[in-house]
Amino acid sequence: MARYKPDCNYIYDQLEQMFPDAHCQLDYGSIFQLAVAVMLSAQTTDVSVNKVTPALFARYPDAFAMGQADQKDVEEMIRSIGLYRNKAASVIAMSRQLVEEYDGVVPNEMDKLTLLRGIGRKSANVILSEGYKIPAIAVDTHVHRVSIRLYLANENDDVDQVEKKLMKQFSKDRWSRLHHLLIFFGRYQCSSRNPHCEDCPFKQHCRYLKGKEQL
Ligand code: SF4
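Using our numbering, you'd call the opening residue of the sequence shown number 1 and step up by one each time.
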């Protein structure tokens with residue numbers, strides 16, 4: 001039997017219809033603040049990050065201020081989001097790097113971004129795409145899961161492989177939008193444990209449902 005090939009236009013159009021309002025849900029007022037918010041969002045929700053960042057950014061609005069922050073003070077301000085000690089240390093160290101190497105400006109190149117403390121490829125892609133409007137696809141846990149369920153990637157693909165496959169299958173002008181659409185789809189329809197399959201437009205070709213049928 002021929003291998004199933006997903007219809008990327010259909011997937012994209014359906015997602016667009018389902019989530020016309022898909023967007024970055026982190027609150028920020030500058031690319032520096034976006035970078036900090038992205039760092040803080042590791043293993044927690046955007047909603048919980050948005051609760052701590054208004055006060056944090058009011059006190060430390062840019063790399064110069066954050067680079068001179070007292071770590072204990074930052075820890076206290078972000079305590080509710082978990083991993084707060086590591087995150088506070090990373091945010092301060094990253095800010096110092098920005099001041100020392102880039103005059104306080106967040107770079108707009110992947111290679112430079114990923115050399116910053118606490119910034120991995122996923123975070124760098126968010127900064128490029130959301131902050132600098134450079135086409136990019138950040139693969140987080142939602143994008144990873146739903147890409148596999150929709151046959152846009154293979155079951156054992158890691159996040160880097162999923163990113164490459166998505167970039168190959170979708171035109172560049174769709175990358176950044178696709179990232180938001182897949183995140184919203186993963187958050188609000190195709191959740192990890194309780195996906196809403198009944199009204200899903202992709203149930204004819206879903207790896208998750210196929211796996212259940214075979215049980
Ligand atoms: S049918 Fe269910 S598991 Fe499959 S893509 Fe849709 S919501 Fe996700």
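Think of the CB as a built atom: it goes at the ideal place given N, C-alpha and C, for glycine as much as any other residue.
Computed from a prediction, not measured in an experiment: that's the story for all the values here.
Ordered along the chain, residues surrounding the ligand SF4 are VAL146, ARG149, LEU150, GLN189, CYS190, PRO195, HIS196, CYS197, CYS200, PHE202, LYS203, CYS206, TYR208, LEU209 [Cβ under 7 Å from any heavy atom]. In the structure shown, ILE137 falls within a coil segment according to DSSP collapsed to helix, strand and coil.
Taking a C-beta distance under 8 Å as the contact criterion, VAL105 and GLY131 do not qualify as a contact pair. When only Cα atoms are considered, ASP157 and LYS122 end up about 15 Å apart. When C-alpha distances from ARG174 are compared across LEU34, TYR28, LYS133, SER95, the shortest belongs to LYS133. Between the alpha carbons of LEU178 and PHE170 lies a distance of about 8 Å. Here GLY120 has THR114 as same chain residues with Cβ atoms under 7 Å from its own Cβ, once five neighbours each way along the sequence are excluded. Selection VAL162, LYS72, ALA35 evaluated against ASN86 yields LYS72 as nearest (Cα-Cα). Inside the region 106-159, DSSP marks whole alpha helix (DSSP H) runs of 4 or more residues at positions 110-113, 121-126, 141-149, from first to last along the chain. In the three-state scheme derived from DSSP, where H, G and I count as helix and E and B as strand, PHE19 is classed as coil.
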